[in-house]
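A short write-up of the structure that comes next.
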Amino acid sequence: MAMTLYDKLWQAHVVADEGDGVALLYIDRMLIHEVSSPQAFAGLAERGLRPHRPATHLAVADHAVPTRNRANIADPRAREQIALLAANCAATGIEFLGIDDPRQGIVHVIGPEQGFTLPGTTLVCGDSHSATHGAFGALAFGIGTSEIECVLATQVLRQKRARTLRVTIDGVLSPAVSAKDTILALIGEIGASGAVGCAIEYAGSAVRAMSMEARMTLCNMTIEAGARIGLVAPDETTFTYLDGRPRSPVPLPRTAWRALASDDDARFDREVTLDATLIAPMVTWGTSPDQVAPVTGAVPSDADARPLAYMGLERGQRLEGLAVDRVFVGSCTNGRIEDLRAAAGVIGNHRVAAGVEAIVVPGSGLVKRQAEAEGLDRRFLAAGFEWREPGCSLCVAMNDDRLAPGQRCASTSNRNFEGRQGIGARTHLMSPMMATAAALAGRIVDVREWVG
């Protein structure tokens, strides 16, 4: 029987089939961070249990980590969370990348960097953007605190099988149009709940042409379309990325990994197609990632009143020209080296516009080091950007990076919900190139004209 990539991953990890699409799945690996793990470790201790396989877990502090003044964490709650994670890992034998470790960074950046994320595995984390790791052909999804405790103790999870949705994107993306624009265009097309209950497999010539970092951006925001799982079949691009990573197998099992691809005659529950040549730089105008339009467009004439009131916009208002107060380049969606290269490439001889505060936050210590080796930090600093330490930063407002009420931000993060970047903050999601152009212009602009 022909099978999809999702079918193959699911079938290979079933420990017990309970019927009606429910099964116990074996979990190969888990990433742990400081915000969603304390209750799980506490529950484990209360029951007198220890992790079943400590070596299959990797922990890092990222959500509460400040992006400056890391030697003296001012927020006592953040300080306590980070210290507790370190203590829990030390007590249970789980490897922990502390904030002084050069490999520390956002949990969804360090996994692939270390070769911890591998094709054919099941990988979970207490963070919905664990979908990122599906870019490698891993069955990866976010879980809750009680599930973290379950994986620590038993290495299995009870899961309901998802329906399958193939998103085929054919054609060539235009210059200055990126994976971020592609996923925003898809979410705008199918809606924020358009893929609920589905595992999305991304396919087509445009996806095959993407780098691993672009594929991670695509899979990262799968959750913003309502699906917990995003997948790309492993290929030579995947193998090249993983070859030589610290935790990658030697040699890479390329034949086995190639066999994970969906069979040619596999059937999906649903199909969606996008023409890559028609995708423009995208900008969100509302308070949900599906409230999005091409930068050349305008707020829809039938837009709901609530997001417009929150964002301080009107129906029919053009997106180009909206003045911004803050710009953020980073996050688990766009804090990788290719994102920083793309952003730096827009700068030229320009400087950040007067009155705009722009920050760049590398996704990990290794990304930061690579960027500095390439001189990207100097280009950002010379243009007036702040160059910060790695962390989640101005995305979820759990550390000390926040917007003031009413401030408008061009952001490369993945969510623009009310209060996401601070109470009353007005967030417009866009690509690193678009955000950088906004910083330089002091307003939202079409990056194609800025670099053309």
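Take any residue in the sequence shown, note its place counting from 1, add 1, and you have its number in the working numbering. Think of the CB as a built atom: it goes at the ideal place given N, C-alpha and C, for glycine as much as any other residue. Given the structure is predicted, the values throughout are model-derived calculations rather than measurements.
I need the boundaries of the alpha helix (DSSP H) containing residue i, first residue and last residue.
i, result
"I188", "180 to 191"
"T146", "146 to 155"
"H109", "108 to 114"
"T437", "433 to 442"
"I33", "I33 -> not in any alpha helix (DSSP H); beta strand (DSSP E) instead, spanning 30 to 33."
"R403", "Unbroken run through R403: none, as it is neither H nor E."
Does the Cβ of residue i have 16 or more other Cβ atoms within 10 Å, making it buried, or fewer, making it exposed?
i, result
"G369", "Gly is not the amino acid found at residue 369; the sequence shown has Lys there. The residue is buried, with at least 16 neighbouring Cβ atoms inside 10 Å."
"Q12", "exposed"
"T183", "buried"
"S302", "exposed"
"M435", "buried"
"K161", "exposed"
"I445", "buried"
"S147", "exposed"
"T241", "exposed"
"M283", "buried"
"L367", "buried"
"A374", "exposed"
"M2", "exposed"
"E114", "buried"
"S37", "buried"
"G322", "exposed"
"P120", "buried"
"P406", "exposed"
"P295", "buried"
"E35", "buried"
"D291", "buried"
"D102", "exposed"
"E237", "exposed"
"T223", "buried"
"H134", "buried"
"A46", "exposed"
"G145", "exposed"
Rounded to whole angstroms, what's the CA-CA distance from residue i to residue j? Just pull it up for me.
i, j, result
"F117", "T165", "26 Å"
"G227", "G20", "25 Å"
"L10", "S263", "10 Å"
"T413", "Y203", "21 Å"
"E272", "V168", "6 Å"
"V23", "Y7", "15 Å"
"A56", "G138", "21 Å"
"A354", "R327", "10 Å"
"L25", "R159", "4 Å"
"D266", "M213", "26 Å"
"A234", "M4", "13 Å"
"S206", "D402", "38 Å"
"G245", "A281", "36 Å"
"T278", "D18", "43 Å"
"R78", "H64", "12 Å"
"V197", "G143", "14 Å"
"G195", "I170", "17 Å"
"G192", "N73", "42 Å"
"A439", "Q408", "14 Å"
"G325", "A426", "It should be pointed out that residue 325 corresponds to Val in this sequence rather than to Gly. In a straight line, the C-alpha of V325 is about 11 Å away from that of A426."
"P254", "D76", "45 Å"
"A186", "T285", "10 Å"
"R337", "Q105", "13 Å"
"V178", "F329", "18 Å"
With a cut-off of 8 Å on the beta carbons, I'd call residue i and residue j a contact; round off their distance for me.
i, j, result
"G32", "A136", "For the record, residue 32 in the displayed sequence is Leu; it is not Gly. With 8 Å as the limit, L32 and A136 do not qualify as a contact, their Cβ atoms being about 14 Å apart."
"D29", "T123", "5 Å"
"G298", "T68", "The Cβ separation is near 33 Å, so there is no contact."
"R449", "P39", "Actually they do not touch by this definition, with Cβ atoms about 46 Å apart."
"A41", "E190", "Between E190 and A41 the Cβ distance is about 37 Å, and since that is not below 8 Å, they are no contact."
"T288", "F386", "Incorrect: roughly 26 Å between the Cβ atoms, too far for contact."
"L404", "Q422", "5 Å"
"L232", "I188", "About 17 Å separates the two Cβ atoms, so there is no contact after all."
Specify, as a first and last residue, the run of the beta strand (DSSP E) that residue i falls within.
i, result
"A324", "Segment: none, A324 is in no beta strand (DSSP E) and carries neither H nor E."
"V125", "123 to 126"
"L98", "96 to 98"
"E202", "199 to 204"
"T165", "164 to 171"
"C410", "409 to 412"
"G317", "From DSSP, G317 is part of no beta strand (DSSP E); its letter is neither H nor E."
"G231", "230 to 232"
inquiry  = Quick test of the definition: if touching needs 3 or more C-beta pairs under 8 Å, does the stretch 379 to 398 touch the stretch 306 to 314?
reply    = Because the criterion of three Cβ pairs below 8 Å is not met, the stretch 379 to 398 and the stretch 306 to 314 do not touch.
task = Mind the definition here: the stretch 422 to 432 touches the stretch 347 to 354 only if three or more C-beta pairs lie below 8 Å; say whether that holds.
result = The stretch 347 to 354 and the stretch 422 to 432 do not touch, with fewer than three beta-carbon pairs separated by less than 8 Å.
ask   = Taking one C-beta from the stretch 128 to 145 and one from the stretch 359 to 369 each time, how about it: are there three or more such pairs within less than 8 Å?
value = By the Cβ criterion, the stretch 128 to 145 is not in contact with the stretch 359 to 369, since fewer than three pairs of Cβ atoms, one from each stretch, lie closer than 8 Å.
ask   = Taking contact to mean at least 3 C-beta pairs separated by less than 8 Å, is the stretch 51 to 69 in contact with the stretch 91 to 104?
value = Touching, yes.
ask   = If you pair each beta-carbon of the stretch 243 to 262 with each one of the stretch 373 to 385, do three or more pairs fall below 8 Å?
value = The stretch 243 to 262 and the stretch 373 to 385 do not touch, with fewer than 3 CB-CB distances between them shorter than 8 Å.
inquiry  = For the stretch 314 to 334 against the stretch 106 to 113, do three or more pairs of beta-carbon atoms, one drawn from each stretch, fall closer than 8 Å, so that the two count as touching?
reply    = For the pair of segments examined, the stretch 314 to 334 was found to touch the stretch 106 to 113: the number of CB pairs separated by less than 8 Å reaches three.
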